[in-house]
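Visitor:
Numbering (this note's numbering), first residue to last: 5 to 142.
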């Protein structure tokens, strides 16, 4: 028995214009949610990095002098230099925690929209196919 191959686009031949728009929205939100997952890991890693650097800075206050001076100046300009100041540490932790929350909420919303659109279009297309099948049978 030979298999008959159909192109992928033929799966959507029973979709109306509304359903095609929902499929495009679902694909876009799927791409957005797939970008959010690695971002969540990077932000969480930055939070862990802050905790370990803060603890290392508290245990060894002379740690700054192990680096070259120009390297320290460059790191002070960035967000990731080793700090022993509690207020600055808490500000950074709060910043990354809020950023993590925003990215997680965006991830949840995009995933929900994607799933909703795909389910809605699948259900709608199944109804259309069943109607056409029953019309052929009758």
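From the three backbone atoms N, C-alpha and C, an ideal C-beta is built for every residue, glycine too. No experiment lies behind these values; they were computed from the predicted model shown.
1. Let me know the secondary structure DSSP gives residue 43 once reduced to three states.
2. I need the boundaries of the alpha helix (DSSP H) containing residue 116, first residue and last residue.
3. Thinking C-beta only, is residue 30 closer than 8 Å to residue 121?
4. For residue 39, is the beta carbon positioned less than 7 Å from some heavy atom of the ligand GTP?
5. Near residue 44, which residues of its chain fall below 8 Å by C-beta distance, leaving aside the five closest residues on each side in sequence?
6. Under the assumption that residue 54 contacts residue 16 (Cβ atoms under 8 Å), give the Cβ distance between them as a whole number of angstroms.
Guide: With the given structure in hand:
1. Within the chain shown, numbered from 1, the residue matching residue 43 stands at position 39. Looking at residue 43 - three-state DSSP - the assignment turns out to be helix.
2. Counted from its first residue, the chain shown places residue 116 at position 112. Segment 90-141, the alpha helix (DSSP H) holding residue 116.
3. As a first step, residue 121 is located in the chain shown; it is residue number 117 there, counting from the start. As a first step, residue 30 is located in the chain shown; it is residue number 26 there, counting from the start. Closer than 8 Å, so yes.
4. Within the structure as shown, the ligand GTP is missing, as the structure has no ligands at all.
5. Within the chain shown, numbered from 1, the residue matching residue 44 stands at position 40. Shown here for residue 44: same chain residues with a beta carbon closer than 8 Å to its own, the five before and five after excluded, namely 104, 107, 108, 111 in chain order.
6. Here residue 54 corresponds to residue number 50 of the chain shown, with the count starting at 1. Here residue 16 corresponds to residue number 12 of the chain shown, with the count starting at 1. Residue 16 and residue 54 do not touch by the CB rule: their CB atoms are close to 47 Å apart, not below 8 Å.
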